[in-house]
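Enquirer: Chains as they are written, first to last, in my numbering: chain A, 1 to 93; chain B, 1 to 482; chain C, 1 to 475.
C-beta: ideal position from N, C-alpha, C; glycine also.
(1) Any C-beta of chain A sitting closer than 8 Å to the C-beta of residue 199/C?
(2) Helix, strand or coil for residue 477/C per DSSP?
(3) In angstroms with no decimal places, state the Cα-to-Cα distance between residue 38/B and residue 157/B.
(4) Taking Cβ positions, are residue 343/B and residue 330/B nearer each other than 8 Å?
(5) What are the start and end residues of the beta strand (DSSP E) that includes residue 150/C?
(6) Assess, as a yes-or-no matter, whether the region 190-210 of chain B is touched by the region 233-241 of chain B under the definition of 3 or more beta carbon pairs within less than 8 Å.
(7) Using a Cβ-Cβ cut-off of less than 9 Å, give me the residues of the region 121-150 of chain C that come near chain B, in sequence order.
(8) Can the beta-carbon of residue 72/C be found less than 8 Å from the beta-carbon of residue 101/C?
(9) So residue 146/C packs on residue 124/C, CB below 8 Å; how close in whole Å?
(10) Does DSSP put residue 351/C in a helix, in a strand, or in coil?
(11) Under 9 Å Cβ-Cβ, which residues of chain E neighbour residue 37/C?
(12) Which of the residues in the region 78-93 of chain C, read from start to end, lie with their CB under 8 Å from any CB of chain B?
(13) Between residue 371/C and residue 365/C, what straight-line distance do the alpha-carbon atoms span, to the nearest angstrom?
(14) Hey, quick one: how far does the alpha helix (DSSP H) through residue 202/B stretch, first residue to last?
(15) If we count the other Cβ atoms within 10 Å of its Cβ and call it buried at 16 or more, is residue 412/C buried or exposed?
(16) State the start and end residues of the unbroken beta strand (DSSP E) segment that holds residue 198/C.
(17) At what residue ranges does the region 381-428 of chain C contain a whole run of the alpha helix (DSSP H), taking only runs of 4 or more?
(18) Pick from 87/B, 21/B and 109/B: whose alpha carbon is nearest that of residue 44/C?
(19) So what does DSSP say about residue 300/B, is it helix, strand or coil?
(20) Terminal residues of the continuous alpha helix (DSSP H) containing residue 119/B?
(21) Just how far apart, CA to CA, sit residue 305/C and residue 420/C?
(22) Examine chain A for any beta-carbon lying closer than 8 Å to the beta-carbon of residue 193/B, and answer yes or no.
(23) Using 8 Å as the Cβ pair cut-off and three pairs as the minimum, do the region 287-304 of chain B and the region 48-64 of chain A touch?
(24) Looking at residue 242/B and residue 229/B, is the spacing between their C-beta atoms short of 8 Å?
(25) Restricting to Cα atoms, I'd like to know which of 268/B, 459/B and 183/B is closest to residue 436/B.
(26) Report all residues from its chain with a CB closer than 6 Å to the CB of residue 278/C; omit the five preceding and five following residues, and keep chain order.
(27) Short check: CB of residue 221/B to CB of residue 249/B, under 8 Å?
(28) What does residue 86/A touch in chain B if you count any residue whose Cβ is under 9 Å from its own?
(29) What residues in its chain sit with their C-beta under 7 Å from that of residue 107/C, if we drop five residues either side in the sequence?
(30) Check distances from the C-beta atoms of the region 70-81 of chain B to those of chain A and list, in chain order, the residues that come in under 9 Å.
(31) Residues of chain C with CB under 9 Å from residue 18/A, in chain order?
(32) Counting only runs of 4+ residues fully inside the region 9-56 of chain C, write out the alpha helix (DSSP H) ranges in chain order.
(33) With a cut-off of 8 Å, does the C-beta of residue 476/C fall near any C-beta of chain A?
(34) Mapping DSSP to helix, strand and coil, what is residue 460/B?
(35) Quick one: which chain C residues come within Cβ less than 7 Å of residue 365/B?
(36) For residue 179/B versus residue 408/B, is the C-beta spacing smaller than 8 Å?
Structure (structure tokens):
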């Protein structure tokens, strides 16, 4: 775990870490990696990865539209909207 | 007015011994009296509660009685509540008013409960002490210098302090059972899929499960029935039938349970906890249980695997908090990249950021196989361990926590120590099993919990053995300060 | 000599009523964010539930391209931040797609070529970012967020823009025939990314560039052609092509690198824990198989074998589902030779459509018009030249053929009796020419026809007139 890795991770996760906190963070993350690294030795040959605790299949929904959308309720935080659009700083593409 | 249980309250309301408005006001008064100190609530929904109480009183007058008519309840602030602030303990959602209700809220509302307020919690349910909340730590009513446990600390403390007769919680790695244990009450985490996750703000989707805090097992049985069941809005909810847990607990069928004690759960215990635990084992033997030593040999890997899976899922689950549509948006958002980075960095606390970073790392190219995939395989090892165990025993027991509550601030700067305090609880989340913590005694005047783990969808036997135990003991009747 | 290697990734919006994971309507053109439910908006706590119809549609597509249908497929999260992606991840399929290992035969000048279809997976569409609405801000409309797509990934089997476009058109025709997409390219229901690289024949594949979001057949062709030349120039100057994402600019007819580069993106795919494995039973697959409509290849065979259409015409019609539907409707009501109907549609009507850039399915001219015109030609009521004139009138908005014939006074005279009288009048006027004709000056036939046509203002049916003249001159 080093500065470069932190930069990559904060880039991917869109976080920024105050300069003062970086050293402490690196130590903490290193300790966490040490802890989770303990799984490395586990005898998992032939084990399937388990993504879900229960073994059942995806239920399917009938294709029927439901008209229950209330835009003004959904946009009750009006500081983020204009004319019903969500607004972000201009994206230059 | 001093009701001892949910059951008593429901009976009193039904018999018109007490009006719902009186009862509700009484609890609201208790909250106002105690909560400055305990900090259990983030939002008090007083007006709403009183309005609903009046409505239920009108219904009762007409002899219309719902399953939980008039029962005051505190809801963990992780459940979305329509038109009410839903903060998840985070600055990120300090300004968030949900446009919809979680299924749990909807079900409990429809059953006639009165929501007193939204309870304090670790930020995004990430924590074991309720110290990561944006709204400050919750205090343990047994000694306010101590943590109540987390992440559902507000819910647990409120029930322990008797300022709410029951409350909801969520449990991703122990967040119901651990605070129940440290606060001396009952906390039930049902089987994964038993209760709908719709509207419950996700921490780790494959581990999260909603549950309840009560003072005794029968109350938990009553509430669980109303919360449970298949929800078409949650693909991972189960359609397994919901039994009448309460009548099952009271039924005569005298089960001679075979109860397993995993060596791995007791070998490192300190003497005080060990003594309290084995005293409770004697009680179980007295009520007819057969005790058997078993092995859950991958227990020690539980925390490690959990600390991969939970952060990995959370790193993705928390991406939606980007400041664009709701939640905290930084004033310093001159361009899109800044909007994202500053909003998220200001909105999330340290622990949440740490977990997002660990999860991002575990999923990133080059590390996925070694961490995420490997952890999912370990998860399978752990699940198989339990499966083998349940071929030999009906239920598994152990202490819920390695020790009594710790002091506020004690582990705040040591995430590893904090993570390790979940050692007995995380593996059941990895396997999706139901488990409950019930009071089993005290160490230095602080409560300790007995954890009972059942097979998938076997909540009824967890509840029943707890009820049998509680008929022989009075730990669950002890109240702080009395 | 360079060989162009092309693989296509086609995004097809499925024509379900509701979204892939929410019950919000998929109707196009609603007010901004009025068709974005709490699920599409990624409100805290919401969860996805899979649309059954979208699964069925994907299976249909798989069956139509001889692909394998995964008995168990998995949804995964593709993680990245963008304002039109509310969750911060797209739900897609990664390791186990619902459809895999298919193929499609295309025909280039009658020669068959097989294009491999690596996979087709279900995923959700993103919303839209609008950059030109406000001065300092971009506006986000999430109505489209969550609309179901299938992404169809081909093998890098194509070697020219023509092959690529033919393949693309055939996929387009298939999804339209199946009724699983409206295929509307303008509205973005059918769009394509092209991966292009060059190599010396026999060499390993070269480094490829990906051209994103091309939304017309013509642009696909131009973009590939442009890119092939660009890469050739780079390679021939001894440089190397860099792997990158580019955009095609139709106005300048060029590709250029995307400015907002997806710098070393690491999408951190992992199985979506909110969704469970999708199981599809053999029974279900068999059931869906029974509902498959006629596909382009079957259609082509039918046109050739049942109607005797020429190979090229059968191919063109079968590759355009709107066109073939139009053709099928037209011949239903017409007694004419199908090849003549095809000729008329393909040359005259398609010509008009192309000139005005209008799809045949939305043209005001309907198949019934074509049947009627073809029948009138057959009956000798109008000439084929007049039919073209009438077609132009129809295009201009007049929709009653009989009315047009009356108003333009262009009905042909095919009545033998009338024509006989007119012919007799002319022949009587020109005894000398009649004699010359009888003495072997065959060319004079044209003279007689011309005179009669002049007299009748061109309304005589030439075929009947010829018969009548022949008969009279033999007497």
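Expert: Straight from the coordinates:
(1) No, its Cβ sits nowhere closer than 8 Å to a Cβ of chain A.
(2) For chain C, the structure presents residues 1 to 475; residue 477/C sits outside this window and is missing.
(3) Approximately 8 Å between the Cα atoms of the pair.
(4) Contact: yes.
(5) Here the beta strand (DSSP E) through residue 150/C covers 148-154.
(6) Counting Cβ pairs under 8 Å, three or more are found: they touch.
(7) So the list reads 138, 140 and 142, given in the order they occur along the chain.
(8) At the C-beta level, residue 72/C and residue 101/C stay beyond 8 Å of one another.
(9) A Cβ-Cβ separation of about 5 Å places residue 146/C in contact with residue 124/C under the 8 Å criterion.
(10) Assignment of residue 351/C by DSSP, reduced to helix, strand and coil, places it in the helix class.
(11) The displayed structure is made up of protein chains A, B and C, and chain E is not among them.
(12) Of all residues in the region 78-93 of chain C, 79, 81, 83, 86, 87, 88 and 89 have a Cβ within less than 8 Å of some Cβ in chain B.
(13) The alpha-carbon separation between residue 371/C and residue 365/C amounts to approximately 11 Å.
(14) In the DSSP assignment, residue 202/B falls outside any alpha helix (DSSP H) and carries neither an H nor an E.
(15) With 16 or more other Cβ atoms inside 10 Å of its own Cβ, residue 412/C counts as buried.
(16) Where residue 198/C is concerned, the enclosing beta strand (DSSP E) stretches over 190-199.
(17) Entirely contained in the region 381-428 of chain C, the alpha helix (DSSP H) runs reaching 4 residues are, in chain order, 384-395 and 401-408.
(18) By alpha-carbon distance to residue 44/C, the top candidate from 87/B, 21/B and 109/B is 87/B.
(19) The answer is helix: DSSP assigns residue 300/B an H, G or I state.
(20) Element bounds for residue 119/B: not the alpha helix (DSSP H) but the beta strand (DSSP E), 114-119.
(21) Taking the straight line joining both Cα atoms gives about 42 Å.
(22) Yes - at least one Cβ of chain A is within 8 Å of the one on residue 193/B.
(23) Segments in contact, no.
(24) In terms of Cβ geometry, residue 229/B and residue 242/B form a close pair [threshold 8 Å].
(25) Closest option to residue 436/B, Cα to Cα, is 459/B.
(26) If we look at residue 278/C and ignore the five residues flanking it on each side, its Cβ neighbours are 73.
(27) Yes, these two residues count as a Cβ contact at 8 Å.
(28) Chain B residues near residue 86/A: 324 and 325.
(29) The answer, listed in chain order, is 315.
(30) Listed in sequence order: no entries.
(31) Here the premise fails: no neighbours, minimum Cβ distance about 21 Å.
(32) With a minimum length of 4 residues, no continuous alpha helix (DSSP H) run stays inside the region 9-56 of chain C.
(33) The requested residue 476/C does not occur in the structure, where chain C is confined to residues 1 to 475.
(34) Correct three-state label for residue 460/B: helix.
(35) Counting only Cβ-Cβ distances below 7 Å, residue 365/B has contacts in chain C at 266, in chain order.
(36) No.
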